[in-house]
Every structure is written in structure tokens, then in C-alpha cells.
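J.: Yeah, the sequence shown ends on 234 if you go by full-length UniProt numbering, and it's all consecutive.
Glycine included, each C-beta is placed from N, C-alpha and C at the ideal position.
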Amino acid sequence: MDNWERLSRYELTDAESSAAVQVLELLVPQAVGEWTRKPIRDGYRIASLNALAEIVQADVASLLANVDTFTYEGALWTSAEGTVRIAQAAAAAHSVPVLAWVHEDERSCRQHTKHGRPSTTGDKGDHTNPDWEFEYYLEHTRPVHELLRQWCGHRAVVFHERLVAAEREVHRLDELLARALGELRNSGAATSADVLGEEHERDRVTPYNVRPLVERPLTPVEIPVRVVYRRAWW
Numbered sequence: 001m002d003n004w005e006r007l008s009r010y011e012l013t014d015a016e017s018s019a020a021v022q023v024l025e026l027l028v029p030q031a032v033g034e035w036t037r038k039p040i041r042d043g044y045r046i047a048s049l050n051a052l053a054e055i056v057q058a059d060v061a062s063l064l065a066n067v068d069t070f071t072y073e074g075a076l077w078t079s080a081e082g083t084v085r086i087a088q089a090a091a092a093a094h095s096v097p098v099l100a101w102v103h104e105d106e107r108s109c110r111q112h113t114k115h116g117r118p119s120t121t122g123d124k125g126d127h128t129n130p131d132w133e134f135e136y137y138l139e140h141t142r143p144v145h146e147l148l149r150q151w152c153g154h155r156a157v158v159f160h161e162r163l164v165a166a167e168r169e170v171h172r173l174d175e176l177l178a179r180a181l182g183e184l185r186n187s188g189a190a191t192s193a194d195v196l197g198e199e200h201e202r203d204r205v206t207p208y209n210v211r212p213l214v215e216r217p218l219t220p221v222e223i224p225v226r227v228v229y230r231r232a233w234w
């Protein structure tokens, strides 16, 4: 059995193959490594071990331990098993762009399952059927999304979902406040609406002011004087 046949013994599922390709194309430049279909299906050609180690934040030799590999034309070739291991390590090391891609792809799938999309073949007419899109999503796309989430890790997924939820909630509340201020102006309370709008913008929490500001203690002369008036007791 030659080297190519030896590396071709390990086969991936369709979901594993699609997930690995997406991660590697998203995170690893072709000058560092390249996914291949020939001569190895789902194999991986590593041109720079050091550069790949920096990306996956792990020792590549340890990562590919007990995986079929061989060197050819100055590059290290690995079987599909090695491809998956590299993709898993890259996704765990850089979960933010991977989860962002999953989120955007799910939004696209949601639109397709509602309205269909332009058909690339004539047998489905001008647009695909939403029912067909949903079946395709369940069978092919969702397993890829769930596998990518698994590779990124539970902590990264929870953090990303909380971040997305917070951003969406801020956007929703901004729209709700704009409607409320509009109703105030229409009811004759334009001044109050302007004051509330200015306060909302002025006191907005941003990445630039979210950190607690640690200041030195005030000297006695810097402490503002507070005058408290009370009724005479006599």
C-alpha cells in the first residue's frame, strides 16, 4: 500500500467535511495549509508547520500523533483524520469568527426556509420551495452548525450568544425609546422628550466607558461642600 492509499483509508461524514472546510478556509491562509480533494479526499497539505502551530495554538506534531502522514514535495500531507483535528484546534482557538459565521449562515437559512432562493437548476422554477429548503437545512446544514459549535466549546458558544443577545436587546430598546419619545412629542411634551433623548445618548454604556474608573482620593480642599438645610429646632 503506497502513501496515498494509506492516507485515504480514513473517511469523514459530510458534516465533518463541510465543517472542516469552512473552518480551514476561514482561519488558515493557503500559504500555510490547504484542504485537498485529490489525491486524498479531505486530506490536508501543510506548507508551514510553524505558521500553522501559531494559528491553532498547539504543537502540530502532538496534534497529529497517531495520524497517518507523510512528506511530499516539501509539504506534510495528512489524512482526513488529521484534517479534522487541525480544524477542531483552529475552531477552539478562534471561536469568535467561526461562531459569527454560523450565526450569519443561520440567518440566511432562515430566509431561505421562509421565502426560498433563486434556483440554480430549472427543475425547481425560478425559486426553490421553502419546504425543500427546510428539509435540506435539517439534513445537511444544521449538522454542520452544531458540529462547529461543538468544536468551539460550550463556554465560547454561551459567551457569543450572550453578546449577540445583548446587542439585539440594545437595538430593540433604542427603537422602543424612539417610539416613546415620538409619542411624547406628539402629545405636547417635546421638552421632556428632548431631555430624555439627550440623557439617553449622553449616559450610553459603550466599550470606552464600561471599565470602572479608578481615581485617586480627593484631598480635603477638593471635596465639594454639601449644604443641608433644616428647620430650626427652637
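1. So the candidates are 109, 168, 171; which of them puts its Cα closest to the Cα of residue 142?
2. Taking only the alpha-carbon atoms, compute the straight-line gap between residue 158 and residue 33 and give it to the nearest angstrom.
3. Taking the alpha-carbon positions, what's the residue 107 to residue 153 distance?
4. Assess, as a yes-or-no matter, whether the segment 33-48 is touched by the segment 78-93 under the definition of 3 or more beta carbon pairs within less than 8 Å.
5. Taking 9 Å as the CB-CB cut-off, is residue 186 touching chain B?
6. Span of the beta strand (DSSP E) holding residue 33?
7. Distance, Cα to Cα, residue 135 vs residue 99?
8. Contact between the segment 8-22 and the segment 48-62: three or more CB pairs below 8 Å?
9. Would you say the segment 52-70 touches the segment 82-99, given that touching needs at least three Cβ pairs under 8 Å?
10. Any idea what DSSP makes of residue 233, helix, strand or coil?
11. Measuring CA to CA, which of 8, 156, 117 is closest to residue 128?
T.: Result, derived from the coordinates:
1. 109
2. 30 Å
3. 21 Å
4. yes
5. Included in the structure is just one protein chain, with no chain B present.
6. 33-36
7. 23 Å
8. no
9. yes
10. coil
11. Nearest option by C-alpha distance: 117.
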